[in-house]
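Report on the following structure.
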Amino acid sequence: MGEILERPQAPSRHRLDVDAYYKMAEAGILTRADRVELIDGEIIDLTSIGSPHAAIARRLNRLFAPAAADGIVLVSQLNPLRLDAYNEPETDLMLLRPRADDYLASHPSAAEVLLLVEISDSSLAYDRGRKLALYAQFGVPEVWIVDLAGSAVEVCRQPQDGAYSSMERRTSGMLAPALLPCVAVDVAALLA
1 MGEILERPQA
11 PSRHRLDVDA
21 YYKMAEAGIL
31 TRADRVELID
41 GEIIDLTSIG
51 SPHAAIARRL
61 NRLFAPAAAD
71 GIVLVSQLNP
81 LRLDAYNEPE
91 TDLMLLRPRA
101 DDYLASHPSA
111 AEVLLLVEIS
121 DSSLAYDRGR
131 KLALYAQFGV
141 PEVWIVDLAG
151 SAVEVCRQPQ
161 DGAYSSMERR
171 TSGMLAPALL
181 PCVAVDVAAL
191 LA
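The sequence shown begins at 1 in the UniProt record's numbering and counts up one residue at a time.
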């Protein structure tokens, strides 16, 4: 009689969905002290926020505040972006389309983002690589990566086939999101 031989299988990764991720928080497995995000079903530890990172976030918040006061945008700082069932990155700052409930019912989706900003010091390679590709894949229209060590803002626009077709590095001059030309930032002043 012939024997059935089982082929050994390589170990596979178990992906968590957003619901399981939130259940871990509800159960106390993940706490507010854990700086984590869910990327492709994997819980990723985030780097700590240093003083320069926090200062740039506050400056951007202050610069975008008039547009928020006028009801043009909603400024969201250090909040999640729901991309799909397996991806909920924590963003440094987003300018969102205003919504009557201020996103009480659900976290924003890529379709509601006008501008997403990542402030990068030790996380620059991760932000330029895995996160930027993810944002492009889901159609976030514009991402600014503030490169603290390089004193520059990398402007990524026109997502297409999992990448941004327009990329520019700015160290000075006025910069406005493509979808919000009325909201301009002096790059040199931001980075000073």
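Where is the CB? At the ideal position from N, CA and C, for every residue including glycine. Small disclaimer: the values here were computed from a predicted structure and weren't measured.
(message) Runs of 4 residues minimum, wholly inside the UniProt domain "Putative restriction endonuclease" (20-171): which ones carry the alpha helix (DSSP H) assignment?
(response) 51-69 and 132-137
(message) Taking the straight line between their C-alpha atoms, what separation do you get for aspartate 186 and alanine 176?
(response) Indexing the sequence shown from 1 puts residue 186 at position 186. Indexing the sequence shown from 1 puts residue 176 at position 176. Taking the straight line from one Cα to the other gives about 9 Å.
(message) Just verifying my parser: in three-state terms, what is the DSSP assignment at leucine 191?
(response) Your numbering for residue 191 matches position 191 in the sequence shown. Correct three-state label for leucine 191: helix.
(request) Measure the Cβ-Cβ separation of proline 159 and valine 140 and say whether it is below 8 Å. (result) The residue labelled residue 159 in the question sits at position 159 within the sequence shown. The residue labelled residue 140 in the question sits at position 140 within the sequence shown. Yes, these two residues count as a Cβ contact at 8 Å.
(request) Report the residue from Gly41, Leu74 and Glu42 whose alpha carbon sits nearest the alpha carbon of residue 281. (result) Here the chain covers residues 1 to 192 and nothing more, so residue 281 does not appear.
(message) Comparing C-alpha positions only, which one of Asn87, Ala100 and Pro80 sits nearest to leucine 93?
(response) For the purposes of this step, residue 93 is taken as residue 93 along the sequence shown, with counting starting at 1. The shortest C-alpha separation from leucine 93 is found at Pro80.
(message) Among Ser51, Asp34 and His53, whose alpha-carbon lies nearest the alpha-carbon of aspartate 45?
(response) Translated into positions along the sequence shown, residue 45 becomes position 45. Per the Cα distances, Asp34.
(request) Consult DSSP for leucine 18 and reduce its assignment to one of helix, strand or coil. (result) Residue 18 sits at position 18 when you count from the first residue of the sequence shown. In the sequence on display, residue 18 carries valine and not leucine. Residue state, collapsed to three classes: helix.
(request) Give a yes or no on whether the C-beta atoms belonging to cysteine 156 and leucine 190 are separated by under 8 Å. (result) Walking along the sequence shown from the start, residue 156 turns up at place 156. Walking along the sequence shown from the start, residue 190 turns up at place 190. Contact flag unset, no.
(request) Under 8 Å by Cβ, that's how I've got residue 270 and tyrosine 86 pegged, so tell me the actual separation to the nearest angstrom. (result) Residue 270 is absent from the model: the chain starts at 1 and stops at 192.
(request) To the nearest angstrom, report how far apart aspartate 84 and valine 18 are at their CA atoms. (result) Within the sequence shown, the letter at position 84 stands for residue 84. Within the sequence shown, the letter at position 18 stands for residue 18. Taking the straight line joining both Cα atoms gives about 8 Å.
(request) Taking the CB atoms as reference points, tell me whether glutamate 6 and glutamate 37 lie closer together than 8 Å. (result) If you number the sequence shown from 1, residue 6 lands on position 6. If you number the sequence shown from 1, residue 37 lands on position 37. It is not a contact, given that the beta carbons lie outside the stated cut-off.
(message) What would DSSP say about valine 185, mapped onto helix, strand or coil?
(response) Position 185 of the sequence shown holds residue 185. If DSSP states are grouped into helix, strand and coil, valine 185 belongs with the strands.
(request) Return the chain-ordered list of same chain residues with a C-beta closer than 7 Å to the C-beta of alanine 57, the five sequence neighbours on each side being excluded. (result) The count along the sequence shown starts at 1 and reaches residue 57 at position 57. Contacts found: Gln77, Asp92, Leu93 and Ile119.
(request) Could you check if proline 108 is buried or exposed, using at least 16 other CB atoms within 10 Å of its CB as the buried criterion? (result) By one-based count along the sequence shown, residue 108 stands at place 108. Result: buried.
(message) Applying the 10 Å Cβ sphere with the 16-neighbour rule, what's the burial state of leucine 104?
(response) As a first step, residue 104 must be located in the sequence shown, where it is residue number 104. It counts as exposed.
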